[in-house]
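For what it's worth, our numbering labels the leading residue of the sequence shown as 44, then goes sequentially.
By construction, the Cβ of each residue, glycine as well, lies at the ideal position given by its N, Cα and C atoms.
I have placed the structure first, in the form of structure tokens, so that the comments after it can refer back to it.
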Amino acid sequence: MAAAIRRGGSDGDPGLYGPRSVTWQMHGDPVMWIAGVRALYLQALHPLAVRGVTQNSDFRKDAWGRLLRTARFVATITYGTTEAAERAGAKVRGIHRRLSLTDPVTGVRHGVDEPELLLWVHCAEIDSYLQVMRRSGYPLTDAQADAYVAENVVSARLVGLDPADVPADTAALAAYFATVRPELAATPEAREVDAFLRRPPVHALLVPAREVIWGRFASLAYGTLPPYAHALYGRPAPPPRVVTRRLRAMGTALRCIPPTARWRLPPKHIMRAVERLGPGSRPSPYKLRRNAAILDSGDATGARPFAAGLHGGGGS
44 MAAAIRRGGS
54 DGDPGLYGPR
64 SVTWQMHGDP
74 VMWIAGVRAL
84 YLQALHPLAV
94 RGVTQNSDFR
104 KDAWGRLLRT
114 ARFVATITYG
124 TTEAAERAGA
134 KVRGIHRRLS
144 LTDPVTGVRH
154 GVDEPELLLW
164 VHCAEIDSYL
174 QVMRRSGYPL
184 TDAQADAYVA
194 ENVVSARLVG
204 LDPADVPADT
214 AALAAYFATV
224 RPELAATPEA
234 REVDAFLRRP
244 PVHALLVPAR
254 EVIWGRFASL
264 AYGTLPPYAH
274 ALYGRPAPPP
284 RVVTRRLRAM
294 GTALRCIPPT
304 ARWRLPPKHI
314 MRAVERLGPG
324 SRPSPYKLRR
334 NAAILDSGDA
344 TGARPFAAGL
354 HGGGGS
């Protein structure tokens, strides 16, 4: 099995990241769902990006479908075979090529696959995953955080970006947000996304559960946004230390659910990856603690060295 993994053969193909990567370990954590909601809040503040969503779909009727499709895509490119990941990327690029949007202010027509828009969506996702996971108590050193950003240059390539244009460490990611910040705004479309995320439409019998369960998730996700996002949306958030304390408590509770129970839920990407690569490939935060010394010394590439570089991307 070990030899098959090193060869990347069909029987033991570790995929684009591999079991030793930070991404492999981190994306198996249940707090990723909160991070995904935070990403939606942040993405909606880019006027053109959010219009690309609202002008090409009925967001309120298909929002759950969009969330699940995004989660499935992330799981496929993280835990699927190389072929499955490349196929998922090709599908996304094909969909984006057929879609466009009109800027209501200028009347200019834009392609959904314009690099500026793709880069915003990518960076908002990576930043959200990283910020929420670290604040929830997930163990990541600064070197591992940089490794995570570098590893996910490959996910940017899959959606159609030139890897050379994608931030490859946390400093570059912060610099990107500083550059794009003046372009952000709480447009009517962004407020529509905010309203949906606060109270998504559900069956009448599920309204109490929505308020108790979903309301807490959405509130935590909103609270983790940067202060400028709270100012744009016009809704205050608890002090950062309060948000972090609540997020850590939620993370502790969610992590009490046995991983195998979570991984057996559809679409079972992690279970299939473990079956393909063996029990040693199970994602776990403890593996990051064990590998911290290696990563801090500069080896942040995991089971597939230079995974991003092999596809034209950069390293950390």
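Beta bridge counterpart(s) of residue i as assigned by DSSP
i: residue 153; result: 144
Euclidean distance between Cα positions of residue i and residue j
i: residue 63; j: residue 314; result: 17 Å
i: residue 178; j: residue 110; result: 22 Å
i: residue 260; j: residue 293; result: 9 Å
i: residue 108; j: residue 156; result: 20 Å
i: residue 60; j: residue 247; result: 42 Å
i: residue 295; j: residue 58; result: 29 Å
i: residue 119; j: residue 149; result: 38 Å
i: residue 181; j: residue 134; result: 32 Å
i: residue 209; j: residue 284; result: 31 Å
i: residue 328; j: residue 70; result: 10 Å
i: residue 325; j: residue 145; result: 45 Å
i: residue 280; j: residue 262; result: 8 Å
i: residue 137; j: residue 192; result: 25 Å
i: residue 321; j: residue 56; result: 11 Å
i: residue 305; j: residue 130; result: 25 Å
i: residue 251; j: residue 278; result: 23 Å
i: residue 291; j: residue 301; result: 18 Å
i: residue 125; j: residue 211; result: 21 Å
When the options are compared against residue i, the one with the closest alpha-carbon
i: residue 115; options: 199, 219 and 76; result: 76
i: residue 213; options: 204, 55, 205 and 195; result: 195
i: residue 143; options: 216, 96 and 113; result: 96
i: residue 201; options: 139, 254, 223 and 176; result: 139
i: residue 234; options: 81, 93 and 268; result: 93
i: residue 81; options: 333, 237, 220 and 215; result: 237
i: residue 257; options: 286, 273 and 240; result: 240
i: residue 98; options: 122, 231 and 189; result: 231
i: residue 222; options: 162, 147 and 316; result: 162
i: residue 266; options: 67, 333 and 288; result: 288
i: residue 228; options: 273, 216, 244 and 68; result: 273
i: residue 220; options: 317, 151, 268 and 299; result: 268
For residue j and residue i, believed in contact at Cβ under 8 Å, the rounded distance
i: residue 85; j: residue 167; result: 4 Å
i: residue 271; j: residue 224; result: 6 Å
i: residue 331; j: residue 164; result: About 26 Å separates the two Cβ atoms, so there is no contact after all.
i: residue 78; j: residue 171; result: 5 Å
Completely contained alpha helix (DSSP H) runs for the segment 58 to 86, where each covers 4 or more residues: Fully enclosed alpha helix (DSSP H) runs of 4 or longer: 65 to 69 and 75 to 86.
Segments assigned alpha helix (DSSP H), at least 4 residues, entirely inside the segment 288 to 316: 302 to 306
Uninterrupted alpha helix (DSSP H) stretches inside the segment 91 to 132 (no shorter than 4 residues): 102 to 122
Start-end ranges of the alpha helix (DSSP H) lying completely within the segment 199 to 254, minimum 4 residues: 213 to 223 and 231 to 241
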